[in-house]
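Everything below concerns the one structure shown next.
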Amino acid sequence: MRKQYETIIGLEVHVELATRTKIFCACSTEFGGAPNVHTCPVCTGMPGSLPVLNKKVVEYAMAVGLATNCRITRHCKFDRKNYFYPDNPQNYQISQLYAPICRNGFVEIETAAGKKKIGIHEIHMEEDAGKLIHDEWEDCSLVDYNRSGVPLIEIVSEPDMRSAEEVIAYLDKLRLIIQYLGASDCKLQEGSMRADVNLSVRETGTEKLGTRTEMKNLNSFKAIARAIEGERTRQIELLEEGKSVIQETRRWDDNKEYSYPMRSKEDAQDYRYFPEPDLVPVDISEEWIEEIRSKQPELRTVKLIRYKKEFDIPDYDAEIITGSKHLADLFEATTAICKKPKKVSNWLMVETMRLMKELDQEPEDLTFSPENLAKLIELTDAGTINHTVAKEVFEQIFKRNVDPEEYVEERGLKTVNDEGALRDAIAKIIASNPKSVADYRNGKEKAIGFLVGQTMKEMKGKADPTMVNEILREILNG
């Protein structure tokens, strides 16, 4: 009988914080830019340079800790994590081992079996390393220190997850919490949120944990799910063959769907941690904690409950809209202007989602204003433009944030409500399409749709379809 195995997963999630400057110096944290332009003696590790802690980093870390039910460490401090790597300019990283800023929290996720708490062992602050760029043409590696010193929090979970589905649910919950707090944009593709997966397997029913491996280089939820399944299968195959799993760090290649070893997995003693001598401890008062707590925004879970009570929109719409802080802000701001939540929801759920998919955009990439969306809804409701024209106008709002009133006026897109002009156009269409007229009069209801379409074409899309339909039926039935 084949043995059954249980997968044990814990995550180390690194999140780049949304500060304008780095954690220990005044260099910009802006993504992109020419290599090595956002640098100074501090973040490039020059001898004699001294770090100065960015207060905003501490506040963001506290905000995330409070939102994930952690206990804030009132007296926390920094430590040196010593290791040599080309993108680590000082040959050490300033991090927190002995007194991290947050401890003993949890987030609640939804699983197929119901709600489940995932424990958070700790959250600590640290600086990011630089970035190695491998030039295959020149057969060399170059270092860009723009990212060196960018502030990070590392969120270390307990080994409470048992499947890729639970891991994705946990990451998605963390991502939404942090985005709603404004602490980070959490863009995996830009590296502002990165997850290292610690995974082991054990026979079902046993208590002892198996040997774990850590997987790096995971920059999408799909890659994380595939890596978990791949590593789980690899470890089970080793055990089934009577071999041992080696504790090591592995790099996942998502193109080949295979992981390969990088180095043996280090423990804390391998890094020779010691207290950071150039930074004083951080004393956090109860007043400071309460100040941060009082500024916490309405998070997604609470917002979702409110939407279902306050706005007349389907539960599915509320789930999707609150799944992005930017989308939720856009919905609320537009609704506050036009007071029509269902119609705002419809434009976001249908046309906005369609264009985002076509253009491969995320909700955070949306640039159109709530004022212009509200104006479009008012123009449509007033009958100033029909729905076909409204879709055309919205596409321009989506792409260029045009003022819909000016756009409609400049292009003469207002609906033609002149009954005389409509009757003239309809008479022309009836005369040109005797077969469709005969089909309709012989009971073929679909024929009226063709005639309406031809009339709309004749009117260059600017007629009211309902009015066209009514006049056509009146003439044909008469």
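Residue numbering for the sequence shown follows my numbering, beginning at 3 and increasing consecutively.
All C-beta atoms, glycine included, are put in the ideal place defined by N, C-alpha and C.
Being a predicted model, the structure only gives us computed values, none of them experimental.
Buried versus exposed call for SER246 [16 or more other C-beta atoms within 10 Å across all chains shown]: By 1-based counting over the sequence shown, the position of residue 246 is 244. SER246 comes out exposed.
In terms of alpha-carbon separation, which member of LYS133, ILE122, ALA392 lies closest to ILE155? Within the sequence shown, residue 155 is the residue found at index 153, counting from 1. Taking only the C-alpha atoms, the option nearest ILE155 is ILE122.
What are the boundary residues of the beta strand (DSSP E) that includes PRO153? Numbered from its first residue, the sequence shown carries residue 153 at position 151. From DSSP, the beta strand (DSSP E) with PRO153 extends over 153-159.
What span of residues does the alpha helix (DSSP H) with HIS40 cover, start to end? Counted from its first residue, the sequence shown places residue 40 at position 38. Where HIS40 is concerned, there is no enclosing alpha helix (DSSP H), given that its DSSP letter is neither H nor E.
Alpha-carbon to alpha-carbon, GLN191 and ALA424: Reading the sequence shown from its first residue, position 422 is the one you call residue 424. Reading the sequence shown from its first residue, position 189 is the one you call residue 191. The sequence shown places Leu at residue 424, rather than the Ala named in the question. About 53 Å.
Please check the pair GLY193 and ASN221, which I expect to be a contact at CB under 8 Å, by giving their CB distance rounded to whole angstroms. Counting from one through the sequence shown, the residue named residue 193 turns up at place 191. Counting from one through the sequence shown, the residue named residue 221 turns up at place 219. Approximately 7 Å separates the beta-carbon atoms of GLY193 and ASN221; this is inside 8 Å, confirming the contact.
Which runs of the alpha helix (DSSP H) spanning at least 4 residues fall entirely within the stretch 220-295, listed in chain order? The alpha helix (DSSP H) runs of length 4 or more contained entirely in the stretch 220-295 are, from start to end of the chain, 223-242.
How close, in whole Å, do the beta carbons of ASN71 and PHE108 come, if the pair is a contact with beta carbons under 8 Å? Position 69 of the sequence shown, counting from 1, holds the residue named residue 71. Position 106 of the sequence shown, counting from 1, holds the residue named residue 108. That belief holds up - the Cβ atoms of ASN71 and PHE108 are roughly 5 Å apart, short of 8 Å.
Using alpha carbons as the reference points, say which of ARG164, ASP187, LYS342, GLU231 lies closest to ILE120. Within the sequence shown, numbered from 1, the residue matching residue 120 stands at position 118. Closest option to ILE120, judged by alpha-carbon separation, among ARG164, ASP187, LYS342, GLU231: ARG164.
Consult DSSP for MET461 and reduce its assignment to one of helix, strand or coil. For the purposes of this step, residue 461 is taken as the residue at position 459 of the sequence shown. Coil, per DSSP.
Residue span of the alpha helix (DSSP H) that contains ASN479, given as start and end: Within the sequence shown, the letter at position 477 stands for residue 479. Note, ASN479: alpha helix (DSSP H), 467-479.
Straight-line gap, THR390 to ARG302 (C-alpha atoms, nearest Å): Sequence index remark: in the sequence shown, residue 390 carries index 388 (1-based). Sequence index remark: in the sequence shown, residue 302 carries index 300 (1-based). One alpha carbon belongs to THR390, the other to ARG302, and they sit about 34 Å apart.
Would you kindly work out how many angstroms separate the C-alpha atoms of ILE179 and THR31, rounded to a whole number? Working through the sequence shown from its first residue, we reach residue 179 at position 177. Working through the sequence shown from its first residue, we reach residue 31 at position 29. Inter-residue distance for ILE179 and THR31 is about 21 Å (C-alpha atoms, whole angstroms).
Compute the beta-carbon to beta-carbon distance between GLY53 and PHE26, rounded to the nearest angstrom, for a pair I have assumed lies under 8 Å. As a working note, residue 53 is residue 51 in the sequence shown. As a working note, residue 26 is residue 24 in the sequence shown. It should be noted that the sequence gives Pro, not Gly, for residue 53. The pair is a contact, with the Cβ atoms about 3 Å apart (cut-off 8 Å).
Using a Cβ-Cβ cutoff of less than 8 Å, which residues in the same chain neighbour GLU205 once the five nearest sequence positions on both sides are dropped? For this step, residue 205 is matched to residue 203 along the sequence shown. The residues are LYS5, GLN6, TYR7, GLU8.
Kindly identify the DSSP beta-bridge partner or partners of ASN84. Against the sequence shown, residue 84 aligns to sequence position 82. In the DSSP output, where bridge partners are listed per residue, ASN84 has TYR94.
Beta-carbon within less than 8 Å of PHE313's beta-carbon, same chain only, minus the 5 sequence neighbours each way: which residues are those? The residue given as residue 313 occupies position 311 in the sequence shown. Result list for PHE313: ALA320, THR337, PRO343, LYS344, SER347, in chain order.
Heavy atom of the ligand NAP less than 7 Å from the Cβ of ILE248, yes or no? Questions concerning the ligand NAP fall outside what the structure shown contains, since it holds no ligand whatsoever.
Considering LEU134, what are the terminal residues of the beta strand (DSSP E) in which it resides? Translated into positions along the sequence shown, residue 134 becomes position 132. That run of the beta strand (DSSP E) goes 133-137.
For ASN200, three-class secondary structure by DSSP: Here residue 200 refers to the residue found at position 198 of the sequence shown. DSSP places ASN200 in strand when its eight states are reduced to three.
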